[in-house]
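Protein sequences, first through last, are from chains C and H. Take the first sequence: its letters are residues 60 to 416, numbered as in my numbering. Take the second sequence: its letters are residues 60 to 416, numbered as in my numbering. The C-beta atom is built at its ideal place from N, Cα and C for all residues, glycine as well. Note that this is a predicted model, so its numbers are computed, not measured. Some notes on the structure that comes next.
Protein chains: 2
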Amino acid sequence: MPEFATSQEFTREEVGLALRNPGMPLEGLRYPITPIGMHYLLAHFDIPFIDPATYELPVTGRVGKPLGLTLDDLKARPAVRMPAMMECAGIGRAHLSPRPISMPWHNEAIGCSEWTGTPLRPILEEAGLLEDAVEILFTGHDRGIDQDVEQNYERSLPLEEALREEVILAYEMNGQPLPPQHGAPLRLVVPEWYGMASVKWLKEIKAISEPFEGLQQALLYHYRQSEEDPGTPVTRKNPHALMVPPGIPDYLSRTRHVSPGRTLVEGRAWSGYGPVERVEFSPDGGRTWDDATLGEPVGRYAWRPWSYEWDAGEPGEYELCARATDASGRTQPADDGAWNQGGYGVNVVQRVTVVVG
Amino acid sequence: MPEFATSQEFTREEVGLALRNPGMPLEGLRYPITPIGMHYLLAHFDIPFIDPATYELPVTGRVGKPLGLTLDDLKARPAVRMPAMMECAGIGRAHLSPRPISMPWHNEAIGCSEWTGTPLRPILEEAGLLEDAVEILFTGHDRGIDQDVEQNYERSLPLEEALREEVILAYEMNGQPLPPQHGAPLRLVVPEWYGMASVKWLKEIKAISEPFEGLQQALLYHYRQSEEDPGTPVTRKNPHALMVPPGIPDYLSRTRHVSPGRTLVEGRAWSGYGPVERVEFSPDGGRTWDDATLGEPVGRYAWRPWSYEWDAGEPGEYELCARATDASGRTQPADDGAWNQGGYGVNVVQRVTVVVG
């Protein structure tokens, strides 16, 4: 289980992870599809080096006909090109107090790429799932030690989730071969769920007859209030709106400086529980809210653009906020009511301090 | 001038910068050309959003015939495709004590891309430098506040450096249009110098008759021992060898775990003062050194591969080190003899703790 910090300072381990795992600078919210190299990344262990020419993916376990698929086999199958927004389950962790010691994300663990790949379901159908299969286990080539356990990164999906038609095995990102750091040569993409489900560098797909109890499944990625709390698994993305911080930044503090007058504030919003139906903007730290204008996302699993013309008015300091509400009625908390032990799924309202003048 | 920290903990500002500015995870040293999106990035202010269709670059100042070059004009000129290793001048800053508060790089502020662009010299010749031109000033579109001064990022080069044939205006990285974060649509690439010289998002090129005294030129990017020390400007890259940390990592501590027996340790080395002529490896924290095997770089300005077959031997903890020596005789210090106020050009020997067993 995690160690915690209450300090405003960060440990060398947290900084080490931040230097390895890039976030998307929030000005990247200007793009409907995140440019290559700006998408967030979380690699638990090292980025593996895999030769695509000799790559083969076994589909095994509780199936009638085990398969071994080369990259050419996979590319010969029906291809879909699908925009999908992805967000790390650890987003917002650094806003919590006490803060679990892990990757210290603030708001930048996001991106929206166009993924090209082949649907998983027909592959599982071809392999012939046996009656007793209850989950599909996805194992990555990335290997290391976490919580003193040596392991490959691996996660399972319940059968009904694995069989969703939009769950794909992706070999391209934005029309290019997957970069090594994003899972080359082949990764899973599970729209609507947090990123931990979209296993990178796939080594094996296995139908299993008992729920998977591995560390990344049963111990980590749970919403728990204490170590004793059995908690609930982290699955779909909570609703979340973020804005491009307006104006220009200070290099070190990143405080924003905005000219008086009208400023178009732009951002994007998403949810894993249904389409975003409302985005609200507040210029005063959440005391008053007004509806933003919504645009159309470039695809069902993409983020939705929004904008708000803000009159920056008198010189002074302002705290800008945005919040999303989705079709299920879920919205975002104002503070760390979202606290949980692992620091997962934190969707507290974004707060951007700007100085007008 | 910078604030300092002596603590092993890092400030929220340092972490904010680390989350915006990705490093290259050291397993990326496996690639002669860094895959797109893995190259380090340091953007002082926000990543600007520039429409390439209406982009125009003025070449002005002390010239006989000012130019205005569109992207099509630039692409119609002679093109070169050049591998060049790039390294942030702030590399190693976080190893120092006291540590200047800025981007807290450890060893990952590196990358080697293939840059496609057109040489600067013929453009300056076409514009006709006047007799009194002494420097060329490069201004970026990126704007913000640093040390309480609002500014566009801008840096100059002495004439003799700006006229080197390998100084190019680049519009492609690894054969693709520059990604927004790496300077789209046009950036400067100055091989052999630290990255601060390779101004991104070029807004203007201006011949000037007096040395440029802007903040990023005259105050920052100097080797100083104290605030009063006038110091010397940061220019060329110091010699530097880095290895891919062998074995597998622990998620949080990144401690490496290696099996007993032979391990091929691989890395790359570079210098801005001449070709790397020697790389040495130490398995015992620098007490004993042995020569590594050198390979050939993919270009004059690329990094040089090296390898060393290490017998990991008995179980226990080892501290692996590597150091480079270049044709000028320069090498790397064992400790922070490299200390300077801004934390620039730090090329202390890399130390990788591995546990064998």
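Residue environment, residue i, which counts as buried when at least 16 other CB atoms sit within 10 Å
i       : result
V415(C) : buried
R382(C) : buried
E339(C) : buried
Q240(C) : buried
P289(H) : exposed
V405(H) : buried
A64(C)  : buried
E209(H) : exposed
D105(H) : buried
A135(H) : exposed
T291(H) : exposed
T198(C) : buried
A352(H) : Here residue 352(H) turns out to be Thr, not Ala, going by the sequence shown. So T352(H) ends up on the exposed side.
D385(H) : buried
Where the beta strand (DSSP E) containing residue i begins and where it ends
i       : result
I150(C) : First-last for I150(C): undefined, no H or E at that position.
A300(C) : 299-302
V208(C) : 208-217
L222(C) : Run containing L222(C): none; DSSP gives neither H nor E here.
T384(C) : 375-385
E325(C) : 321-329
Interface flag, residue i vs chain C, CB-CB below 8 Å
i       : result
Q240(H) : yes
T113(H) : no
I307(H) : yes
M97(H)  : yes
P374(H) : no
E368(H) : no
V74(H)  : yes
A143(H) : no
F69(H)  : yes
P91(H)  : no
R79(H)  : yes
F63(H)  : no
S202(H) : It should be pointed out that residue 202(H) corresponds to Arg in this sequence rather than to Ser. It does: the Cβ of R202(H) has a partner Cβ on chain C nearer than 8 Å.
D394(H) : no
S66(H)  : yes
D205(H) : yes
P94(H)  : yes
H281(H) : no
H299(H) : no
Test: residue i CB closer than 8 Å to a CB of chain H
i       : result
H165(C) : yes
L311(C) : yes
T412(C) : no
P84(C)  : yes
S156(C) : no
F340(C) : no
S257(C) : no
I264(C) : no
F108(C) : yes
H103(C) : yes
S422(C) : Since the first and last residues shown for chain C are 60 and 416, residue 422(C) lies out of range.
S318(C) : no
S59(C)  : Any question about residue 59(C) goes unanswered here, given that chain C covers just 60 to 416.
CB-CB length for residue i against residue j, believed under 8 Å
i       : j       : result
F271(H) : L189(H) : Their Cβ separation, rounded to whole angstroms, is 16 Å, which puts F271(H) and L189(H) out of contact at 8 Å.
W252(H) : T294(H) : 6 Å
W365(C) : R327(C) : 7 Å
G82(C)  : R313(H) : Between R313(H) and G82(C) the Cβ distance is about 19 Å, and since that is not below 8 Å, they are no contact.
V226(C) : L179(C) : 5 Å
T335(C) : A371(C) : The residue asked about is misnamed: residue 335(C) is Val in this sequence, not Thr. Not confirmed; about 25 Å, so no contact.
M255(C) : A148(C) : 5 Å
D205(C) : A102(C) : Wrong, their Cβ atoms sit about 12 Å apart, outside the cutoff.
V408(H) : P305(H) : The Cβ separation is near 17 Å, so there is no contact.
I228(H) : L247(H) : Per the sequence presented here, residue 228(H) reads as Leu, with Ile not at that position. Rounded, the Cβ-Cβ distance is 6 Å, consistent with contact.
Where the alpha helix (DSSP H) through residue i begins and ends
i       : result
D132(C) : 130-135
R71(H)  : 71-79
I267(C) : Premise fails: I267(C) lies in the beta strand (DSSP E), 261-267, not in any alpha helix (DSSP H).
A186(C) : 179-186
Beta carbon proximity, residue i to chain A, threshold 8 Å
i       : result
P238(C) : Here the protein chains are C and H, and chain A is not one of them.
Taking contact to mean 3 or more Cβ pairs, one atom from each stretch, closer than 8 Å, check whether the segment 389-404 of chain H and the segment 311-328 of chain H are in contact. no
Do three or more CB pairs link the segment 83-95 of chain H to the segment 337-352 of chain C at distances below 8 Å? no
Under 8 Å, with one C-beta from each stretch per pair, do the segment 206-226 of chain C and the segment 180-189 of chain C reach the 3-pair mark? yes
Between the segment 117-134 of chain C and the segment 260-276 of chain C, do at least 3 Cβ pairs fall closer than 8 Å? yes
How do the segment 68-82 of chain C and the segment 66-74 of chain H stand: do at least 3 beta-carbon pairs fall below 8 Å, yes or no? yes
Count Cβ pairs between the segment 396-413 of chain H and the segment 140-159 of chain H that sit closer than 8 Å; are there 3 or more? yes
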